[in-house]
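Residue numbers (our numbering), protein chains in the order written: chain H, 2 to 54; chain Y, 2 to 219. Glycine included, every Cβ here is placed at the ideal spot set by N, Cα and C.
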């Protein structure tokens, strides 16, 4: 019932923050920059699509 | 979770990491059909998607999932390949869920229906599939359709957890539709049937908010 609880969380609190809030790993400034770095290093990209309320 | 040194090392050594604010960059959010936040999308260097993970997850699931994705394990493509030879109800459900997360409602529904077709009607996974399809309608703000789906779930799984959720969600969606009387009715029904339910506190709160004030007695 992960979906139900996730929906409940959204409904009740309307507080969704980034999974990566406060991350200390290097963060590329944009997806474009991340893809360029990916081409250079051969490492795939992980993009965290988040919302700030 | 991502303060965790193991996660930081994992992201630094294995991937290139970036963040996209879906409210600021709506074009990118639309391009990648982001349904929920947070959604973590693994991409190739050309921007093509490998796969994604949504909702909040713990560290171990995060590490395992993206390690697997990197090896081509557990991706939507690999699951569909497996399903082309043999499909279990759980696999069909998982594929449906993955499509749902990609905001591809049509494909998601197709796989949920396939899962249901392989299950007994009273199987809890069949209920999960039906919940998932109600959820699709809810997210698309098709509230009347979602309410009808929850009605059907409540009848099929009467007296249990799924009925509890059905009443709760109907109360919420009637409120969204501006139908205060029906919404209030759902909260009252919830409290009558599930006075100790997990959402009883919230139901009580909603009931108090929606209930018309009693006339002053002299």
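Any C-beta of chain H under 8 Å from that of residue i
i, result
"residue 144/Y", "no"
"residue 15/Y", "yes"
"residue 196/Y", "no"
"residue 100/Y", "no"
"residue 104/Y", "no"
"residue 22/Y", "yes"
Sub-8 Å separation of residue i and residue j beta-carbons
i, j, result
"residue 50/H", "residue 40/Y", "yes"
"residue 53/Y", "residue 103/Y", "yes"
"residue 148/Y", "residue 106/Y", "no"
"residue 192/Y", "residue 171/Y", "no"
"residue 36/H", "residue 30/Y", "no"
"residue 26/H", "residue 23/Y", "no"
"residue 225/Y", "residue 44/H", "This structure does not reach residue 225/Y, given that chain Y is present from 2 up to 219, and the question cannot be answered."
"residue 244/Y", "residue 43/Y", "Absent from the structure is residue 244/Y, since the part of chain Y shown begins at 2 and ends at 219."
Whole-angstrom distance between residue j and residue i, CA atom to CA atom
i, j, result
"residue 97/Y", "residue 48/H", "22 Å"
"residue 30/H", "residue 68/Y", "24 Å"
"residue 22/H", "residue 37/Y", "At residue 22/H the pLDDT is 48, less than 50, meaning the model places this residue with poor confidence; the figure from the coordinates comes in the next sentence. Going by the C-alpha atoms only, they are around 16 Å apart."
"residue 34/H", "residue 42/H", "12 Å"
"residue 178/Y", "residue 156/Y", "22 Å"
"residue 77/Y", "residue 214/Y", "53 Å"
"residue 211/Y", "residue 176/Y", "9 Å"
"residue 94/Y", "residue 113/Y", "5 Å"
"residue 55/Y", "residue 150/Y", "24 Å"
"residue 83/Y", "residue 33/Y", "25 Å"
"residue 116/Y", "residue 66/Y", "23 Å"
Amino acids of chain H, ordered along the chain, whose beta-carbon sits closer than 9 Å to that of residue i
i, result
"residue 18/Y", "21, 24, 26, 27, 28, 29, 35, 46, 47, 48 and 49"
"residue 40/Y", "20, 48, 49, 50 and 51"
Contact with chain Y by residue i, beta-carbon distance below 8 Å
i, result
"residue 13/H", "In this predicted model, residue 13/H has a pLDDT of only 42, less than 50, meaning its place in the structure is not dependable; the value taken from the coordinates is given anyway. By this cut-off, residue 13/H is an interface position."
Partners in chain H for residue i, counting only beta-carbon separations shorter than 7 Å
i, result
"residue 71/Y", "45"
Closer than 8 Å at the beta carbon, the chain H residues around residue i
i, result
"residue 46/Y", "36, 39, 40, 43, 45 and 46"
Inset, instruction - Report the residues of the region 51–68 of chain Y with a CB closer than 7 Å to any CB of chain H, ordered along the chain. - result: 51, 56, 57 and 67
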